Amino acid sequence: MTDVLARDLARARNPAVAARRAHRRRAAEARFRAASVAGTAVALLTLVVLLVALVGQGLDGLRATRVALDVAFDAATVDPDGTGDPAVIAKADFNALVKEALRARFPDVTTRQDRKRLNGLVSSGALYELRDMLLDDPGVIGTTQRVWLPASDDVDQFAKGHIDRAASEAERRVSDQEIAWLDALEADEALQTRFSRIFFTAGDSREPELAGIRGALVGSLLTMAVTAIIAFPLGVATAIYLEEFAPRNRWTDLIEVNINNLAAVPSIVFGLLGLAIFLNVVGLPRSAPLVGGLVLALMSLPVIIIAGRAALTAVPPSIREAARGVGASPLQVVAHHVLPLAMPGILTGTIIAMARALGETAPLLMIGMVAFVVDVPTGPMDAATVLPVQIYLWADSPERAFVGKTAAAIVVLLGFLITMNGVAVYLRRRFEVKW
Amino acid sequence: MVAITVPVAAPTAAGGVVKVAARGVDVFYGAKQALVAVDLDIAEHQVTALIGPSGCGKSTFLRCLNRMNDTIEGCRVTGSITLDGQDLYARTIDVVQVRSRVGMVFQKPNPFPKSVYDNVAYGPRIHGLARDRAELDAIVETSLKLASLWSEVKDRLGEPGTSLSGGQQQRLCIARAIAVSPEVILMDEPCSALDPIATAHIEELIDELKTNFTIAIVTHNMQQAARVSQYTAFFHLGRLVEFGDTAAVFTNPRETMTQDYITGRFG
Ligand SMILES: Nc1ncnc2c1ncn2[C@@H]1O[C@H](COP(=O)(O)OP(=O)(O)O)[C@@H](O)[C@H]1O
Ligand SMILES: [Mg+2]
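Residue numbers (our numbering), protein chains in the order written: chain A, 251 to 685; chain C, 50 to 316.
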């Protein structure tokens, strides 16, 4: 016994052994640190590559090509009876104005086929811009103005250099003839690619040059608002009830197990639930942010409840005792002490749940939020789509011009996420208590 | 097993007024019985010390007096406990009001993570004891003075209570308890986490407080019990073994078990 002890003591106190041990410990620490640094570096590099690629392509999607034309606002076409009535002006044939301007610019184009091609240089959205311009300022009627009109997506792609001039005519989407026209415009300084607001002001469109993110952005905002308004109070209330008030018995155990299971249910199942209940039973409209928000709220609830309970448990019991000790009622204990201390944790959990909800597409497919929606929604009952669904739709489109839009939409989605996280960090700071 | 005689309540004999009276108190945690038939009187404006080895039920008894045990799942209290003759466990009693009449100071200082001022002002606020800010200020000042903390914190009322030293924190907790003007203050080993100087501070304080409050204090420190209390109750294995005048219990205990405990032969 004492021999063993003596041997162990001798070994433990042997400086050579101690030095070897220290060396091994330091080596292990160095390896661990190197591995951590390497891991972080790889993660950062991936992130940087992703961001650079996205931002590069996204910026391309934010720029649009425009063509300058001398448009004659012929009173006979726009307002034949000289009424000056906006309702009449709005119904005028602006397409004819665009065609007329193009014909004036290229008078030697005569065949029907070529005319059609020529008209194709300008986007079909040009007429709306002309209409808005006239409605803003009816004074231009009867005059000729130089107007920058949006070019079609093929022209846009060509101007941005995505279409190879050297390729054979059959392999590119712009013909030699069209290139000649564009070169002529270019020579007049009547062709320009620059930043365009359309991406941020327009809803979706079949024409890439007219498609914007606003519809999906507003749809996402409305959906997230519904989700937050429903899931946060409900989740926090449930967490407080289960953690602070509910007795521990078979029923609450059952509820707890079920909440934990619900957190792991695939999101599409919540979509099916929403379809069955909110659309078929309650009869809410399809594709509505209200329904999307409800579905995502159901999906987020378990996560918020679990995070909320964890945050509440983390509040030291001594604080509860202290409050009870001076005669605080159970509700006061929670409202004045436990909840404020748990708030940072609850908010973190909520934001994680909301961020997941923001990126969710599958359950929204079930309730019709994949629809092609042109109008920007104005309320939670309007048909709408959301950012991830919009990204999916654009990524799936055949037109080359949607590539840039897709990247830009992803950047917007990331921006949304970062904003949400920023708000969470801010709120957490505000609620954080120094001990 | 030593036969245990149930002691006769002593304070009344000593001429004091009984503030809290416990009769036949049994406490169960689930199936486990933590207190067995405890009869104990706590005299008004006196300090009653509860001593005994760890796990003998001192804290349990103390927590019965302001119904803190209510919040423990599976805890059951039977028997009768009265405050000024009023049954604390009567159906009609408001638990929150009981706790405002019987305050508590815990083993580990547990100030709220709020300012010194708000710590003290919290109780008066929720009970509506002050009509305006000036009254609240006055309550805070008085309470801190009674807890002999005022001179140390009067310039830093806005600082977090948690930034004070351990001893100051405990006095802050005492001030917080005092601020709701309780009749009884329960202290569960209030000095066990403090250094000797802070302990001396609190002991002094307890002695002063008894003019305004009735105090029951759990302590593991025999000298402390002897110094601060007028009555001492010795618990063992959930039973009240001996209860009487502190001087008598310490100099001339009736039970050999008490003798063994206070002389440090077990516990
Ligand atoms: N919350 C509880 N649940 C179950 N048993 C408890 C609880 N609190 C105390 N006990 C038990 O009750 C007995 C008395 O505990 P306590 O009153 O804390 O003793 P003391 O304060 O004298 O050290 C102990 O055996 C302890 O294990
Ligand atoms: Mg104890």
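All residues carry an ideal CB built from backbone N, CA and C; glycine is no exception. Just so you know, these numbers come straight off a predicted model, no measurement behind them.
Inter-residue spacing [alpha-carbon to alpha-carbon] between Leu-677/A and Leu-562/A: Their backbone Cα atoms lie some 17 Å apart in a straight line.
Reduced DSSP category for Leu-471/A - H, G, I as helix; E, B as strand; rest coil: DSSP places Leu-471/A in the helix class (H, G or I) of the three-state scheme.
Within-9 Å CB hit, Asp-136/C to chain A: No, Asp-136/C lies away from the interface with chain A (no Cβ there is under 9 Å from its Cβ).
Alpha carbon of Asn-511/A to alpha carbon of Thr-488/A, nearest angstrom: In this model, Asn-511/A and Thr-488/A are separated by some 16 Å (Cα to Cα).
Cβ-based burial, Ala-6/C [other Cβ within 10 Å; buried from 16]: Within the shown structure, residues of chain C are numbered from 50 to 316, placing residue 6/C beyond reach of any answer.
Helix, strand or coil at Arg-316/A according to DSSP, with G and I counted as helix: Reduced to three states, the DSSP call for Arg-316/A is strand.
Residues sharing a beta bridge with Ser-241/C, DSSP: In the DSSP assignment, Ser-241/C is bridged to no other residue.
Contact belief for Leu-106/C with Gly-287/C at Cβ below 8 Å, rounded distance in angstroms: What sits at residue 106/C in the sequence shown is Gly, not Leu. Beta-carbon to beta-carbon, Gly-106/C and Gly-287/C are separated by about 5 Å, close enough to satisfy the 8 Å threshold.
Ligand 2 heavy atom lying under 8 Å from the CB of Gln-156/C: Gln-156/C: yes, Cβ under 8 Å from ligand 2.
Heavy atom of ligand 2 within 8 Å of Glu-232/C beta-carbon: It does not: the Cβ of Glu-232/C is nowhere closer than 8 Å to a heavy atom of ligand 2.
Test item: CB-CB of Ile-100/C and Gly-152/C under 9 Å: Between Ile-100/C and Gly-152/C, the C-beta gap is not smaller than 9 Å, which leaves the two residues out of contact.
Between the CA atoms of Gln-279/C and Ala-296/C - distance to the nearest angstrom: Straight-line measurement puts the Cα of Gln-279/C at about 8 Å from the Cα of Ala-296/C.
Spatial distance of Asp-414/A from Ile-641/A (CA atoms): The alpha-carbon atoms of Asp-414/A and Ile-641/A are separated by roughly 27 Å.
Cβ pair count under 8 Å reaching 3, the segment 530 to 550 of chain A against the segment 579 to 592 of chain A: The segment 530 to 550 of chain A vs the segment 579 to 592 of chain A: no contact.
Any heavy atom of ligand 1 within less than 5 Å of residue CB: hits in chain order: Residues flagged by the Cβ proximity filter: Tyr-78/C, Ala-83/C, Ser-103/C, Gly-104/C, Cys-105/C, Gly-106/C, Lys-107/C, Ser-108/C, Thr-109/C and Ile-121/C.
Every unbroken alpha helix (DSSP H) inside the segment 552 to 577 of chain A [4 residues or more]: Here the runs fully enclosed are 567 to 575.
Contact under 9 Å by Cβ, Ala-633/A with Arg-536/A: Closer than 9 Å, so yes.
Three-state secondary structure assigned by DSSP to Ala-401/A: DSSP, read as helix, strand or coil, puts Ala-401/A in strand.
Under 9 Å between C-beta atoms of Asp-367/A and Gln-442/A: Note that residue 367/A is Arg in the sequence shown, not Asp. Contact flag unset, no.
Beta-carbon proximity list for Ala-401/A, same chain, < 8 Å, skipping 5 on both sides: The answer, listed in chain order, is Ala-314, Thr-315, Arg-316, Val-317, Leu-371, Val-372, Ser-373, Ala-409, Leu-441 and Glu-459.
Interface flag, Lys-81/C vs chain A, CB-CB below 9 Å: Not flagged as an interface residue toward chain A: Lys-81/C, since no C-beta distance is shorter than 9 Å.
6 Å Cβ shell around Thr-54/C - same chain, five flanking residues per side excluded: Residue confidence for Thr-54/C is low, a pLDDT of 43 falling below 50, so the modelled location carries little weight; the figure read from the coordinates is stated next. Within the same chain, Thr-54/C has no close Cβ partners at all.
Under the three-state DSSP convention, the category Gln-279/C falls into: DSSP places Gln-279/C in the coil class of the three-state scheme, outside both helix and strand.
CA-to-CA distance, Leu-319/A to Arg-355/A, given in whole angstroms: Straight across, the Cα-Cα distance linking Arg-355/A with Leu-319/A is about 7 Å.
Thr-54/C (DSSP reduced to helix, strand or coil): The predicted model places Thr-54/C with a pLDDT of 43, which falls under 50 and marks its position as unreliable; any figure quoted below should be read in that light. Coil.
Cβ contact check for the segment 91 to 99 of chain C and the segment 251 to 270 of chain C: 3 or more pairs under 8 Å: The segment 251 to 270 of chain C and the segment 91 to 99 of chain C touch, with three or more beta-carbon pairs separated by less than 8 Å.
Contact set for Gly-375/A: own chain, Cβ-Cβ below 6 Å, skip 5 residues either direction: Answer for Gly-375/A: Pro-400 and Leu-460, listed in chain order.
Residues from the segment 586 to 607 of chain A in contact with chain C, defined by Cβ distance under 8 Å: Taking 8 Å as the Cβ-Cβ cut-off against chain C, the residues of the segment 586 to 607 of chain A that qualify are His-586, His-587 and Leu-591.
Any non-hydrogen atom of ligand 2 within 8 Å of Val-267/C CB: The answer is yes for Val-267/C.
Chain C contact for Ala-277/A (CB, 9 Å cutoff): Closer than 9 Å: no.
Asp-237/C beta carbon near ligand 2 (any heavy atom closer than 8 Å): Flag set: Cβ of Asp-237/C near ligand 2.
The segment 162 to 177 of chain C: positions lying closer than 7 Å to chain A by Cβ: Contact annotation: in the segment 162 to 177 of chain C, residues whose CB is within less than 7 Å of a CB in chain A are Pro-162, Tyr-171, Gly-172, Ile-175 and His-176.
The segment 506 to 520 of chain A touching the segment 435 to 454 of chain A, judged by at least three CB pairs closer than 8 Å: The answer is no - the segment 435 to 454 of chain A does not touch the segment 506 to 520 of chain A, with fewer than three Cβ pairs under 8 Å.
Gln-407/A burial status per 10 Å Cβ neighbour count (16 or more: buried): Counting Cβ neighbours within 10 Å, Gln-407/A comes out buried, since at least 16 surround it.
Interface residues of the segment 122 to 133 of chain C facing chain A [CB-CB below 7 Å]: Listed in sequence order: Glu-122.
Gly-392/A vs Phe-323/A beta-carbon contact at 9 Å: Taking 9 Å as the cut-off, the beta carbon of Gly-392/A is found closer than this to the beta carbon of Phe-323/A.
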